[in-house]
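Residue numbers (the numbering used here): 33 to 159.
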C-alpha cells in the first residue's frame, strides 16, 4: 500500500479531529495535543493563524513526532511549505491560499492529503 493510500485509510477511520488554537507556544500546544492523542484523537491540525512561520515550523516538527508516536494523521493549516518541511500528512487550504492544483505540483508534496475550506456550494464544487 502506498503512503498516499495509507493516509487515506487512516483518514477513513478518523474518530476525533483536533484543530489547535492560536494561543500557546510549542510546549503548551504539544501538551494539549498529547492529551488529545491519549484521549483518542486520530487527526491533529496545526492552526496558528497569527504566529510567525518559523515558530509554526518548530511546533509542526514537535507535533509530527507526537502524531507518529500515536499513529495519528498530522495536517498543517494554510502552509504547504511547512507541511512538506515537517513531513505532515497533508495541508488544509483556505480560500485565500494556493489552489489545491498548485499545491499538488510542489516538489515533495506527492501523496499528501489536501483539505479545503468552503463557504458556499460554488466553492465546494471548485474544491
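Note that the Cβ used here is the ideal one computed from N, Cα and C, for glycine as well.
Could you check the C-alpha separation between residue 102 and residue 145 for me, to the nearest Å? 19 Å
Among 126, 44, 138, which residue has its Cα nearest to the Cα of residue 116? 138
Given that a residue counts as buried once 16 or more other Cβ atoms are within 10 Å of its Cβ, and exposed if not, what is residue 92? buried
CB contact flag (residue 96, residue 118, <7 Å): yes
Nearest to residue 123 by CA position, among 133, 41, 81, 112, is which residue? 112
Take residue 48 and list the residues in its own chain whose beta-carbon comes closer than 8 Å to its own, dropping the five residues that flank it on each side. 68, 71, 72, 73, 74, 75
Cα-Cα, which of 110, 36, 86, 60 is closest to residue 77? 110
Assuming residue 127 is part of the alpha helix (DSSP H), what are its boundary residues? Run containing residue 127: none; DSSP gives neither H nor E here.
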